[in-house]
Amino acid sequence: MTLKENIDNASILISISDKEFNLLSELIYQKTGIFLQQHKKSLIVSRLNKIVKDLKFNNFHDYYEYVINDPSGEALVSMVDKISTNHTFFFREKEHFDFLKEQVFPELFPVSKKDKKIRVWSAGCSTGEEVFSLAFLLREYLGTAINQWDIGLLATDISMTALVKARESVYSQDRVNALPAEMIKKYFQKTENAEFKVKEEIKKMVLFKKLNFMDEKFPFKGKFHIIFCRNVMIYFDKETSLKLIDKFYHSLYPGGYLMIGHSENIARYHHSFQYIKPAVYKKEASHES
Ligand SMILES: C[S@@+](CC[C@H](N)C(=O)[O-])C[C@H]1O[C@@H](n2cnc3c(N)ncnc32)[C@H](O)[C@@H]1O
Numbered sequence: 011m012t013l014k015e016n017i018d019n020a021s022i023l024i025s026i027s028d029k030e031f032n033l034l035s036e037l038i039y040q041k042t043g044i045f046l047q048q049h050k051k052s053l054i055v056s057r058l059n060k061i062v063k064d065l066k067f068n069n070f071h072d073y074y075e076y077v078i079n080d081p082s083g084e085a086l087v088s089m090v091d092k093i094s095t096n097h098t099f100f101f102r103e104k105e106h107f108d109f110l111k112e113q114v115f116p117e118l119f120p121v122s123k124k125d126k127k128i129r130v131w132s133a134g135c136s137t138g139e140e141v142f143s144l145a146f147l148l149r150e151y152l153g154t155a156i157n158q159w160d161i162g163l164l165a166t167d168i169s170m171t172a173l174v175k176a177r178e179s180v181y182s183q184d185r186v187n188a189l190p191a192e193m194i195k196k197y198f199q200k201t202e203n204a205e206f207k208v209k210e211e212i213k214k215m216v217l218f219k220k221l222n223f224m225d226e227k228f229p230f231k232g233k234f235h236i237i238f239c240r241n242v243m244i245y246f247d248k249e250t251s252l253k254l255i256d257k258f259y260h261s262l263y264p265g266g267y268l269m270i271g272h273s274e275n276i277a278r279y280h281h282s283f284q285y286i287k288p289a290v291y292k293k294e295a296s297h298e299s
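Heads up, the sequence shown is in my numbering, so the first residue is 11 and it goes up one at a time.
Shown next, in the form of structure tokens:
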């Protein structure tokens, strides 16, 4: 095939029938919770077109059959990687970071606190910018006192592609541009390719793990003081969101905080959290579970 034929072939979109869309969207919903309504047909086509062609299928039905019959589960992993939206950036929704600094950290880090353990979870961490923003903020807030604390940051995602990038922790100039120059100097090393690698002392604070929110139970022994689950539930329906909110509730210490994206609205759902302010919820201190 000539280069021109290659380009032409790549740009031709395989069309999707209603039946094929229903099969694929139901599979995606069952496996990931991501709820795709009819108007998202073009999203499935644009995101899966290349994979379907690379596998030499002529239609989405054959691709669907291949995914559900793949015993290794890898076809499903690749499909989920293509479907999930991984958009993120450092200090996204700054209000949350200000709120942590002004209200949550003073509660969590009193000098007199005997138990020095703090656990924070970036749930749906994508390529890592969210959890590293949290790590930078903690460093800035605590200064040298950070050494007196046992701080663990967990970052999870369903997308292996996103997790691989998060673990590499290398970001291009335009991704770090919005950070103050001082912060870049302190927490990144410049690579040979003029990119920015998060320094080892920061990376050591974070554990990256694959986790699907659809799993019946979360595999953690301990609880968290703060959970960030931002810009994830926007892709879920009410039923999936409520189940997830309940699992988060039971994964938090009493008095713990759940931060969601500002464009997500769970106030209209019936759940156990106390509303604090837009996109901030708290598990009441007296409610042991
Ligand atoms: C738009 S990103 C949000 C990243 C970050 N929290 C932020 O607000 O910038 C949404 C992330 O949720 C992840 N996700 C979607 N469905 C998931 C599921 N069922 N289990 C775990 N992660 C999921 C996606 O892979 C994606 O990385």
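Idealized CB from N, CA, C, for every residue including glycine.
Straight across, the Cα-Cα distance linking residue 294 with residue 264 is about 6 Å.
The alpha-carbon of residue 217 is positioned some 27 Å away from that of residue 283. At a Cβ-Cβ threshold of 8 Å, residue 149 and residue 234 do not count as neighbours. For residue 275, the CB stays at least 7 Å from every heavy atom of ligand 1. Check the Cα spacing between residue 281 and each of 272, 251 and 204: the tightest is with 251.
If you look at residue 234, you'll find it in the beta strand (DSSP E) that goes 234–239.
In terms of Cβ geometry, residue 96 and residue 179 do not form a close pair [threshold 8 Å]. Here residue 69 is exposed. Its C-beta has fewer than 16 other C-beta atoms within 10 Å. Taken atom to atom, the span from the alpha-carbon of residue 172 to that of residue 135 is near 8 Å. The three-state reading of DSSP puts residue 60 in helix, counting H, G and I together. Taking non-hydrogen atoms of ligand 1 into account, the C-beta of residue 185 is found less than 7 Å away from none of them. Under the three-state reduction of DSSP, residue 76 is assigned to helix.
Counting C-beta atoms within 10 angstroms of its own C-beta, residue 232 has fewer than 16 neighbours from the protein chains shown and is therefore classed as exposed. Under a 10 Å Cβ-count criterion, residue 139 is classified as buried, with 16 or more other Cβ atoms of the shown protein chains found around its own Cβ.
In its chain, beyond the 5 residues on either side, 96, 98, 172, 175 and 176 have a beta carbon closer than 7 Å to the beta carbon of residue 137. Residue 245 sits in a helix when the DSSP states are folded into three classes. Scanning its chain for C-beta atoms nearer than 7 Å, with the 5 sequence neighbours on each side dropped, one finds around residue 91 the residues 169, 170 and 171, in chain order.
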